[in-house]
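Residue numbers (the numbering used here): 36 to 935.
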């Protein structure tokens, strides 16, 4: 007898086709509905998307609901957590994900919850270290959908360190029994159809069915409803929950397959690789804001606390919460309306302004009593050395881990002279720069080119086409400046045709280290293209290495294990969401992408870029910009299914000047070696350089903490214990410089350790050394302020584009009138099928009506604010209508499939 476990839930897209001010207004209706259902059925259970941010939004605006929420949770009717928000795991840092779970579980527990299962059903792919991250917080099971490379109901998900997680694969989607009481006459038929189509995949396993959808405010009690219906005796319907279903299937996991590492396949559910390159300016701003919080402010605050400055726990947690709100997948992926991304930009800029002000205060607390001079304050645990440009010159630093050390500063000689050729050689590379490009060693092709390629995708999916051309040097290359330690060359480059213009101001800096440091100020106008910085490594290899949160993964250059558009009726009935088709060549990365050969490794490092492509011939391309103007489009070659609302978003053209920071490093050895790790840390987490004047005599060094591994966070926990989070990127154990005390993710002492196992993430207690005695009161100046690299948008709709929307609206209004006319005389199954057609047309119409209204506001916006924080009644009305139609359309997708 098939046993169907029904799980009631909602997936809460806080910001997508509306900003959160509008969706938050819908939460009270949801909670009121849950309270009513729980009064009618004391055993009723409901999950709010496995996160706590929804409840935070509710209680921030409607604090009187706290008692109701606590009662629902304590009675077992409502589940929240374990995460605070549902960010894109591919793009946010590993450290921010650790905070996500810590905050989420803490919030859930404060309301009486005890989450033990992760609900990750709409995440656009999953990182390799997710099993270890979740396990460190006591989570031993997870529900996933997108990214799983095989259609297995259950699997053992193994992380690179060997941690194994119980995983439930929702290949049939998370909404397959949604809204059954709204189509009561075929409710039983829908149940039977779902059970029949899933039984071949589940065999003797219980079958999970999901009554829930995005932004659902009208939940129902399907099991109670089916108790009053004539359900076939051979089907048993059970009220369930994520925890209850895992408990029911736990005995079967011994026979389940094991899947190791990251889950990025779009074969059964899209991971939307194009979202990695949509609105790249957001990725840059997010990266810099994360870095400022976890690798600059918090470590500085830990050091400043040794000098008596209070550590601002609540300030840093509030900043993490705000970053996690921006990191939600529809937000950071760049697949929302322009107004959502406007709000994000304002948030990031507030964060960066605060970071600059606060780092000055913290650095002063540490250094004001030090002797006059130039200093590096390092927040990296790995010892490292290098040259860093500052406002006062080129600073040569050498650090011994976290702490303070002196630096030498060389004056900059600014020449800015045109030259025909520049040659430079050190122990690591030889470079020659001409107007034809930058050539390494004996290369005949430039080591770096900036290519413009056609791309007709939307914000979710890229559709790369022909190469339109490359940026060529305009005028001469310039010898910009020199110092005792380094030199900089620069050039302007352009590409233009009748519809597109792309410009890049490029600076390349050379010193005695193994890396060439590029600064690219990119600007463009137009749409339907992408801009890639292509690097020729001269290292041919069948695989590529990419840095990801807490790991370095090895991948193929493309994924061709995908279906085409046509998968047959039986499979199509199960895979009703979106899928990647054909092939995928665009993949995520964080710190670097590298090609390794027998004698050397060449790596491309980038700050905040998240998309790369590579080839077996040794090219690595990182996407600087992908310009589109539709949130979602239909009939794409490389994606099956609709991804999101049909809305016009001119901001996705990304017409703005963005500063990209890229490094090209050449070295021997492996990318997981300590030596390369120091290069990577030097690029991504350089020390703060500051000058002290007027202090007189005083100390000039303070060593705090050192380890041979990357550090992602240094903070004071709730008990004011200094804690460092380290990870081991290699597959073998690494000994620490000195024995430390390991701590759990939630601050529990786990005893001493002297090493980290391969791929292990570990929090370590730091025994803070006594600070040096100081009695001076010098003036401190930070010489390396945090940049705002995101630029300002120039992308606005034109009157002609608004007229085009009006024309499309007229066509859809006529189509809707025709559909309603047919519907008026239909009955039975034909009525249901025609209702589905009506929903398809009316939803697209409402998407365009809302889009038209939002673009009208955008056209007349000032200071990057096109709608305010207070809900507008016109937008609220259209948004509510659209949400109702989205709900109805999704219900009738399943109705139409069941009837067919």
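C-beta: ideal position from N, C-alpha, C; glycine also.
Which whole-angstrom value is the C-beta distance of residue i and residue j, which I expect to be below 8 Å?
i           : j           : result
residue 136 : residue 172 : 5 Å
residue 724 : residue 526 : Contact doesn't hold; Cβ gap of about 27 Å is too wide.
residue 610 : residue 543 : The Cβ separation is near 47 Å, so there is no contact.
residue 33  : residue 635 : As shown, the chain starts at 36 and ends at 935. That puts residue 33 outside it, with no answer to give.
residue 248 : residue 295 : No, residue 248 and residue 295 are not in contact; Cβ-Cβ is about 32 Å, not under 8 Å.
residue 623 : residue 682 : Wrong, their Cβ atoms sit about 25 Å apart, outside the cutoff.
residue 307 : residue 496 : 6 Å
Pull up the distance between the alpha-carbon of residue i and that of residue j, whole angstroms please.
i           : j           : result
residue 490 : residue 661 : 8 Å
residue 621 : residue 835 : 34 Å
residue 566 : residue 453 : 27 Å
residue 144 : residue 359 : 19 Å
residue 925 : residue 226 : 16 Å
residue 20  : residue 348 : What is shown of the chain runs 36 to 935, which leaves residue 20 out entirely.
residue 689 : residue 811 : 49 Å
residue 28  : residue 82  : Only positions 36 to 935 of the chain appear in the structure, and residue 28 is not among them; the question remains open.
residue 447 : residue 523 : 10 Å
residue 89  : residue 118 : 11 Å
residue 242 : residue 234 : 7 Å
residue 829 : residue 898 : 11 Å
residue 586 : residue 764 : 5 Å
residue 844 : residue 874 : 15 Å
residue 92  : residue 116 : 14 Å
Reducing DSSP to helix, strand and coil, say where residue i ends up.
i           : result
residue 776 : strand
residue 330 : helix
residue 813 : coil
residue 79  : coil
residue 458 : strand
residue 711 : helix
residue 347 : coil
residue 644 : coil
residue 834 : helix
residue 389 : helix
residue 236 : helix
residue 510 : strand
residue 606 : helix
residue 623 : strand
residue 384 : helix
residue 860 : coil
residue 376 : helix
residue 361 : helix
residue 762 : strand
residue 282 : helix
residue 927 : helix
Looking at residue j and residue i, is the spacing between their C-beta atoms short of 7 Å?
i           : j           : result
residue 876 : residue 850 : yes
residue 825 : residue 319 : yes
residue 328 : residue 39  : no
residue 280 : residue 246 : no
residue 80  : residue 276 : yes
residue 166 : residue 794 : no
residue 336 : residue 815 : no
residue 458 : residue 512 : no
residue 855 : residue 880 : no
residue 47  : residue 252 : no
residue 722 : residue 426 : no
residue 521 : residue 556 : no
residue 640 : residue 568 : no
residue 800 : residue 768 : no
Candidates the options: which alpha carbon is nearest residue i's?
i           : options            : result
residue 594 : 475, 577, 587      : 577
residue 350 : 450, 751, 894, 465 : 751
residue 631 : 670, 673, 603, 701 : 701
residue 37  : 414, 272, 175, 584 : 272
residue 548 : 739, 338, 433      : 433
residue 264 : 221, 231, 282      : 221
residue 691 : 558, 749, 773, 887 : 558
residue 185 : 170, 203, 197      : 203
Of all the CB atoms in chain B, is at least one closer than 7 Å to the CB of residue i?
i           : result
residue 866 : Absent from the structure: chain B. Only one protein chain is present.
Answer yes or no: the CB of residue i versus the heavy atoms of the ligand MG, is any distance below 6 Å?
i           : result
residue 607 : Among the components modelled here there is no ligand, and therefore nothing to report on the ligand MG.
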